[in-house]
Every structure is written in structure tokens, then in C-alpha cells.
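See below for the structure under consideration.
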Amino acid sequence: MVKKRIQRARNSAVFREIKEVILIVLGVLSAGMGLKGFLLPNDFLDGGVIGISLLLQIKTGIDLAILVVVVNIPFIWMGFRQVSWTFALKTAVAIGLLALCLAFIPYPVVTTDKLLIAVFGGFFLGAGIGLAIRGGGVLDGTEVLAIYVSRRSPLSVGDVIMIINVLIFGSAAVFINVETALYAMLTYLSASKTVDFIIHGIEEYIAVMIVSDRHEEVRQLITEELERGVTVLKGEKGFGKRGMRENDINILYAVVTRLEITRLKDKISEVDEKAFLIEHSIADVKGGMIKPRPLH
Numbered sequence: 001m002v003k004k005r006i007q008r009a010r011n012s013a014v015f016r017e018i019k020e021v022i023l024i025v026l027g028v029l030s031a032g033m034g035l036k037g038f039l040l041p042n043d044f045l046d047g048g049v050i051g052i053s054l055l056l057q058i059k060t061g062i063d064l065a066i067l068v069v070v071v072n073i074p075f076i077w078m079g080f081r082q083v084s085w086t087f088a089l090k091t092a093v094a095i096g097l098l099a100l101c102l103a104f105i106p107y108p109v110v111t112t113d114k115l116l117i118a119v120f121g122g123f124f125l126g127a128g129i130g131l132a133i134r135g136g137g138v139l140d141g142t143e144v145l146a147i148y149v150s151r152r153s154p155l156s157v158g159d160v161i162m163i164i165n166v167l168i169f170g171s172a173a174v175f176i177n178v179e180t181a182l183y184a185m186l187t188y189l190s191a192s193k194t195v196d197f198i199i200h201g202i203e204e205y206i207a208v209m210i211v212s213d214r215h216e217e218v219r220q221l222i223t224e225e226l227e228r229g230v231t232v233l234k235g236e237k238g239f240g241k242r243g244m245r246e247n248d249i250n251i252l253y254a255v256v257t258r259l260e261i262t263r264l265k266d267k268i269s270e271v272d273e274k275a276f277l278i279e280h281s282i283a284d285v286k287g288g289m290i291k292p293r294p295l296h
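In full-length UniProt numbering, the protein residues as written are 1 to 296.
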């Protein structure tokens, strides 16, 4: 029995590694399409480390395949120090494959329409970055730098990424022209939204806390009608509309998808119209009785 469990664990680990390799390869191919099929032939920019590499390529004429590797070397080292050696290794492999892809794969130039270049160039590049992240590495070291800086300053990760991109777009406006900088912002917006879609999927998860005097009935409808898991937290009522109340109460905690939240609230209202609900988005969950995200 123990040997079977060990074998299953090994098989699962091997399958996971194969899946991650496939995701990284697909990410590299998609990013290569975004760069060589849209952005690079038309001197377009993006944000992040890819944007820095594109800006240097435009101003210096050095091959983008070389710049992508050189510019990312410090971020690979930061990934090793801040995350793990496996993350740094996968990142190095992904960036190396991207450089080879840019150097040797002859992508067709799809369009010269500036709006299409910005939107679809960002889409393919964002899809590549998102797939690489799901594979355990990155093609753009901006997030690694943002984590590094945020741990040593009062700035958040989002603040650091915003500052980096403002500097990139500002440099593009100064050294190239304002129009290129504006299109670069549009490309970055398209890429970032695509990354979010690839990582988080079509639906986002919503965590809900429910405070109700009829908590047992609410718990039953969540587990039996909606077939979702629920955690019962022991709480104590404080001050509310009816003044101080010191009796104990069970607080229900459940996780549903964005498309399920309306049905959940409607069902709860049928049981207790005065129920108090708190909901907030969460990045991801694992295990439990949750609806899996599509495409994940």
C-alpha cells in the first residue's frame, strides 16, 4: 500500500513536471509570435523587462535575442535569491528558449496596422508570459525585481511595477516619440489583461463570510443545494443595530466563483433577509469542494 502511494506521488510529480515544460514551451512560442510577428518589425514597445529590451534594440540595433538574455540575467539571480533555485532554473530555461525562438524561428509579420499591433502583439506576449508563469518560471523579470524592492522599501509590488513602466514609457516618449509611448501603454494593457486571464482563468474566486441567526439553515443550503464546502467559525456578537449583543454565534465561511455568488446571495436571502455578508476576491484556492476554473 505504501509503495503504491509512493509510486502515485512519483507519477504525479512527473506529470506535473511534463505539464510545466509544455506550458513554458507554449509560452515561449506565443511570446515569440507577439514579438517577431507584431512588435519588433514595427518598432513597438511593451512594459517590463521585455519593454526595456525592445527599447534598447531600437536605439542600439543589437539583436533582441541577445538583449533578452543579457537584460534578464540580474533578474534570474534575484529569482534565485528571493524565490528558489528551481524557479531561477525554469526562468533561465524559458528565457534561453525565447532567445533561440527569436533567433531561429521565422515568424510572419502579421500586420502593419498600429492598433492591431498594439492589441494583438500585447495579447500574444501576455499569453506567453502567463503560460510561462503557470509553468513555474517567468519571461519577464519585472515581478522578481518588484518583490526584491518591496521587501526593502515601503513600496508595494504593484507600486514598483508601475514605477518601472512609467520610466520605460517616459523614456520611449523622450528617445523615440510620444506616439510610440502611447501605443506601448496600450500594448502593456493588452498584455497585462491577458496574463491575468491566463493565470486566473475565466472566473475568479470569491470568499464569503456570513453572519446569520439562522446559520444552520444557511449552512445546509450551501452544502446540500449549492454543493459547496463551508467552514464554521465560532464567533461572538458585538455591537449592531440593536445595541450590544453578547451571545455566541457561528460565522460561515465559503468560497464560490464569481458566477455563483449571485445565486448564493439569493438563496441566503430566502432563508434570512437580515443576514450579514462580507465578500472579497481571492487569488486562488486549492482543495475543498470548489468549482474548478475553466481551462485550468
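Built from N, CA and C at the ideal position, the CB exists for glycine as well.
Remember, it's a predicted structure, so these values are computed and weren't measured experimentally.
Item: Three-state class that DSSP yields for residue 48 in the structure shown; Value: helix
Item: Beta-carbon contacts of residue 236 that lie in its chain and below 6 Å, excluding the five residues immediately before and after; Value: 248
Item: Reference residue 51, options 61, 71, 33 and 37, closest by Cα; Value: 71
Item: For residue 209 and residue 269, the rounded distance between their alpha carbons; Value: 14 Å
Item: Distance between residue 66 and residue 60 (C-alpha atoms, nearest Å); Value: 12 Å
Item: Any non-hydrogen atom of the ligand SAM within 7 Å of residue 204 CB; Value: This structure lacks the ligand SAM; in fact it carries no ligand of any kind.
Item: Contact under 8 Å by Cβ, residue 135 with residue 24; Value: yes
Item: Contact belief for residue 195 with residue 105 at Cβ below 8 Å, rounded distance in angstroms; Value: Contact doesn't hold; Cβ gap of about 22 Å is too wide.
Item: Limits of the alpha helix (DSSP H) - the one that residue 269 falls within; Value: 261-271
Item: Under the three-state DSSP convention, the category residue 109 falls into; Value: coil
Item: Residue 177 in three-state terms, based on DSSP; Value: coil
Item: DSSP bridge partner residues for residue 254 (one or two, in chain order); Value: 208 and 230
Item: 7 Å Cβ shell around residue 175 - same chain, five flanking residues per side excluded; Value: 59
Item: Closest residue to residue 30 among 260, 227 and 139 (Cα-Cα distance); Value: 139
Item: Paired residues, beta bridge with residue 280 - DSSP; Value: 207
Item: At least 3 beta-carbon pairs within less than 8 Å: the stretch 204-218 vs the stretch 252-272; Value: yes
Item: Member of 125, 49 and 56 whose CA lies at the smallest distance from the CA of residue 43; Value: 56
Item: Cross-strand partners of residue 236 (DSSP beta bridge); Value: 248
Item: Per-residue DSSP class, three states only, for residue 74; Value: helix
Item: Boundaries of the alpha helix (DSSP H) in which residue 219 is found, first to last residue; Value: 215-220
Item: Best match in 183, 109 and 253 for proximity to residue 280 [C-alpha to C-alpha]; Value: 253
Item: Sub-8 Å separation of residue 117 and residue 142 beta-carbons; Value: no
Item: Rounded C-alpha distance that separates residue 126 from residue 192; Value: 6 Å
Item: Range of the contiguous alpha helix (DSSP H) that encloses residue 119; Value: 114-134
Item: Residue of 259, 251 and 255 minimising C-alpha distance to residue 276; Value: 251
Item: Distance between beta carbons of residue 28 and residue 98, contact taken as under 8 Å; Value: 5 Å
Item: Alpha-carbon spacing of residue 131 relative to residue 91, whole angstroms; Value: 12 Å
Item: Cβ shell of residue 265 (< 8 Å), same chain only, five flanking positions each side left out; Value: 277
Item: Whole-angstrom distance between residue 225 and residue 182, CA atom to CA atom; Value: 50 Å
Item: Cβ distance (whole Å) where residue 256 is taken to contact residue 206 below 8 Å; Value: 6 Å
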